[in-house]
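Using the numbering used here, the final residue of the sequence shown is 763, and nothing's skipped along the way.
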Amino acid sequence: MPGAVEQRLLRQGLGYALGLRIVVIGLSSAAYLALAPVPDRMVAVAVVVGFNGWSLCYAAAMLRGSRSVRRWLPLADVAAVCGACLTQSWTVTSDPRGGSTWLFVAVNLVVVTYPWQVDWRLLAGGTLTIVTAYYVGATMADPGGWLVDPSIGPWTAAEAALSWGLYRFVRRGARAADRTIARAAELRHAAAVAAARRRDEREYLAALHDTAAATLLMVGSGVVDRTEPWLVEQARRDLRELQRSEDVLHGEADLVPLLHEVADNALPQIAWRTPDSLPLPAADAVALTRGVREALTNVVRHAGTDRTEIRVDHDAERVTVQIIDRGLGFDPTRVDSQRYGVTRSLTERMIRIGGAARIQSRPGHGTTVTLSCPRAVPEVSGNDQEIIATSFQRGLRWAVVVMSLAILLFLDLPRLLSSREAYAVFWPQIVTWAGLVAVTLAVAVATWRDRPLGRWRPPLLGLVFALSALATMSVRPEYLLGAAHWSEGDAGWQVVLLMMDARIPAFVAVLAAHYLMTFGQAALAGQAALSVAGAVSATWAVLAYQLAIAMIAAVLRGMAASSAQALRAAERVRTSEAVARHLHADRTSRLSGLGAGTVPLLTGLASGELDPGDESVRRMCAAEAARMRRLIAAEDTADSLSHELRACIELAERNGVAVSFAECGDRPELPPLVRQRLIEPAIAALATARGRARLTVASTGGTVTVSVVAACPPPPPMPDGGGVRQSMTVVGDRLWIQAAWQEER
19 MPGAVEQRLL
29 RQGLGYALGL
39 RIVVIGLSSA
49 AYLALAPVPD
59 RMVAVAVVVG
69 FNGWSLCYAA
79 AMLRGSRSVR
89 RWLPLADVAA
99 VCGACLTQSW
109 TVTSDPRGGS
119 TWLFVAVNLV
129 VVTYPWQVDW
139 RLLAGGTLTI
149 VTAYYVGATM
159 ADPGGWLVDP
169 SIGPWTAAEA
179 ALSWGLYRFV
189 RRGARAADRT
199 IARAAELRHA
209 AAVAAARRRD
219 EREYLAALHD
229 TAAATLLMVG
239 SGVVDRTEPW
249 LVEQARRDLR
259 ELQRSEDVLH
269 GEADLVPLLH
279 EVADNALPQI
289 AWRTPDSLPL
299 PAADAVALTR
309 GVREALTNVV
319 RHAGTDRTEI
329 RVDHDAERVT
339 VQIIDRGLGF
349 DPTRVDSQRY
359 GVTRSLTERM
369 IRIGGAARIQ
379 SRPGHGTTVT
389 LSCPRAVPEV
399 SGNDQEIIAT
409 SFQRGLRWAV
419 VVMSLAILLF
429 LDLPRLLSSR
439 EAYAVFWPQI
449 VTWAGLVAVT
459 LAVAVATWRD
469 RPLGRWRPPL
479 LGLVFALSAL
489 ATMSVRPEYL
499 LGAAHWSEGD
509 AGWQVVLLMM
519 DARIPAFVAV
529 LAAHYLMTFG
539 QAALAGQAAL
549 SVAGAVSATW
559 AVLAYQLAIA
569 MIAAVLRGMA
579 ASSAQALRAA
589 ERVRTSEAVA
599 RHLHADRTSR
609 LSGLGAGTVP
619 LLTGLASGEL
629 DPGDESVRRM
639 CAAEAARMRR
649 LIAAEDTADS
659 LSHELRACIE
669 LAERNGVAVS
679 FAECGDRPEL
689 PPLVRQRLIE
699 PAIAALATAR
709 GRARLTVAST
719 GGTVTVSVVA
729 ACPPPPPMPD
739 GGGVRQSMTV
749 VGDRLWIQAA
759 WQEER
């Protein structure tokens, strides 16, 4: 099945081909009736009007009709063209100086545009049928005369074949663009899904840190020793946050009420400086809200004040939220960059939405946290348009290269060799022919190497003009603009090659300059093989085809832009659906992972069934908070094991435990399950330890051992799996707990 670019090419190519046929045949037939004598003007006018009317109806039916109609309609068109060809006794005049007739132009345009409408079998059969009908009509109108030119059949067949080749080359370019874009789209799709899942994972970890982990840590640390209304409400909000639907990250949300919701229970006195409402993309509003919540939590823990100010400013480009307190302040340069609250919960959260976080503070002068994000994130544009345009351009250029070489080798060379008597001097014709072949081959090499003509275009154009003038100068006056004057129109194909990627006005100007130069030389010579009307009529058939190439190039450039936009829109929809599907699965999995510990504890605290003053409840909360802290710290780093252990140490130190930590030896790469099994005993011990503790990681001979000495209850037995062995030894009033893993050899 054709790809999206190829389908658009076929649809627009069909419309272009039918439009070109209507315009060129309409103008040619009208000009012929106005300039040339005809045997029976009434019949000629009726045939011209009828044929052009049929062309309009045929085009409308081909563009809008059903598939079955489009299947048989070209057969009717072949019949209509053949019928017009059989009327030559009444509609055209045999005049050797007339150049060509409108029916000859019509026959040429019909077969030239057929490749966009029919397959090659109908193209071949239709061309043969139409040429036969043309010869029959010409023979009846002018037996043995000028109308029955034996070269018309081969020329028409050659034009049909060359047009078919052009169509195939351009379609091949569309297929190449489809393949390239499909591969790039798959890579972008996979990268977008992976990035979205990663962003969502980090946002989830940030939310976990700000909500459940913080609440359970306060209970586990003994900060809360009885059930209080604010704790119940906090636990309920944490549950809502954890169970929030994935729909929260889609659509829009009003930032102001979200800020009030998270701030109402944080501090007793908040001065608000905000607009009444501020709609934002929901993902941005949620990220800003969570950042504000973390900042307010830090005010409660560390600022030593119960007053703060929240300001929200916005313009067309950015939204800025400031949390200002006049508390104790601190030195930001002395904060460990690995501490989650500052580095990830604020800074990384803003980075994920394209924003920024800035913390300004000095001891004794309070703290100002500034969170900002853009109002609209500009879409990163890919190079689809360039890929499509390049593929189209390459295909079209190859088609015209092949067409030019075919005309030079199989039409022009035999003609100039058989017309030596028409030239005052013969060698300029050979030089011109060879030069035009060289120009065509130069363009072919540039196309093959995928390089633009660049600075070579002007000198090559100058060479083509010089060669054309040279060839025209050596033609005897009585043969100018006739069949022997092969370069008159055919040198224009090299102009087409060189100007193909130019704008239509420049293309038309250069091509017209070439023809005007040739006509001017013929006019100065005083006589020609054709009359002025005949020269215009003969030139029109070739010139219309050459101008058609310019129109095709312009249409393809426009199609590249529209196709790229349509493809990117479809890709956005597909990626959005895939992201939503993956995020839903990820969040469902994460929520089920919290179902065994976090959710029951928060549910019990929210309902009042669990007493935060109970020692067993505090231990469970501390252990669960430690596990979440380990999960938050378990992102890939240069040393994941050490990173996760430091998160456990941070928790213990918040509980008032002084922890000494030592590492020795070079560790091998640890599988995730092994790392988890090694850390679990240390988590349980440090979460419930009192006083002092010592944590050691030793690596010797492929063995990794994590040991902790602390005054703590015995940790639960380690689950099976991972190949980690656990041991416990009582040392006075402390436990010495070890977890060891041996690398397989």
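Here a beta-carbon is modelled for each residue, glycine too, at the ideal position from N, C-alpha and C.
- Of the candidates Met158, Trp474 and Ala501, the residue whose Cα lies closest to the Cα of Arg438 is Ala501.
- When the five nearest sequence neighbours on each side are left out, the beta carbons in the same chain lying within less than 6 Å of the beta carbon of Asp256 are those of Thr229, Ala230, Thr233 and Leu620, in order along the chain.
- When DSSP states are grouped into helix, strand and coil, Met746 belongs to the strand group.
- Straight-line measurement puts the Cα of Ala200 at about 10 Å from the Cα of Arg193.
- In this structure Val123 is in contact with Ile43, their Cβ atoms being roughly 7 Å apart against a cut-off of 8 Å.
- Residue pairing by DSSP places Trp290 opposite Ile328 in a beta bridge.
- Ranking Ala640, Val692, Val742 and Ser745 by CA distance to the CA of Leu704 puts Ala640 first.
- Residue pairing of Thr150 in beta bridges, as defined by DSSP: absent, with no partner found.
- Listed as beta-bridge partners of Glu681 by DSSP are Val715.
- Close CB contacts of Val136 within its chain, under the 6 Å cut and outside five residues either way in sequence, are with Pro92 (chain order).
- Closest in C-alpha terms to Arg708, from the list Ala716, Val677, Leu529 and Ile697, comes Val677.
- For Ala728, DSSP records a beta bridge to Ala711 and Leu753.
- DSSP, reduced to helix, strand and coil, places Asp430 within a helical segment of the structure shown.
- Here Thr105 is not near Val56, since their CB atoms are 8 Å or more apart.
- Less than 8 Å separates the beta-carbon of Thr326 from that of Asp343.
- By the C-beta density criterion, Ala464 is buried, having at least 16 other C-beta atoms within 10 angstroms.
- Taking the Cα positions, Arg710 is about 35 Å away from Glu762.
- Around the CB of Trp511, 16 or more other CB atoms lie within 10 Å, so the residue is classed as buried.
- Excluding its 5 nearest sequence neighbours in each direction, Ala562 has C-beta neighbours in its own chain below 6 Å: Val42, listed in chain order.
- Between Leu565 and Val526, the gap from beta carbon to beta carbon is short of 8 Å.
- A distance below 7 Å between beta-carbons, with the five flanking residues on each side excluded, links Phe444 to the following residues of its chain, in chain order: Arg438.
- Contact check for Pro733 and Pro699: beta-carbon distance about 5 Å, within the 8 Å limit, so the pair qualifies.
- The residues Ser112 and Val166, in chain order, have a CB closer than 7 Å to that of Asp160 in the same chain once the five nearest residues on each side in sequence are set aside.
- The Cβ neighbour count for Arg291, taken over all protein chains shown within 10 Å, is under 16; the residue is labelled exposed.
- According to DSSP, Tyr441 shares a beta bridge with Val493.
- Given a length threshold of 4 residues, each whole run of the alpha helix (DSSP H) inside the region 43 to 110 is given here in chain order: 59 to 82, 85 to 103 and 106 to 109.
- In this structure, the straight-line span from the alpha carbon of Gln252 to that of Gly21 is close to 54 Å.
- Under the DSSP assignment, Ile522 falls outside any beta strand (DSSP E), being part of the alpha helix (DSSP H) whose first and last residues are Ile522 to Ala543.
- Going by beta carbons, Glu279 and Ala300 fall outside the 8 Å limit.
- In the DSSP assignment, Ser390 falls within the beta strand (DSSP E) that extends over Thr385 to Pro392.
- In the DSSP annotation of this structure, the continuous segment of the alpha helix (DSSP H) that includes Thr307 starts and ends at Ala300 to Asn316.
- Close CB contacts of Leu516 within its chain, under the 6 Å cut and outside five residues either way in sequence, are with Arg475, Leu478 and Leu479 (chain order).
- Counting only the Cα atoms, Ala77 lies some 20 Å from Gly143.
- Per DSSP, Val692 is not a residue of any beta strand (DSSP E); the alpha helix (DSSP H) it occupies stretches across Pro690 to Thr706.
- The C-beta separation of Arg244 from Pro630 comes to about 6 Å, placing the pair in contact by the 8 Å criterion.
- For Arg255, DSSP records no beta bridge to any residue.
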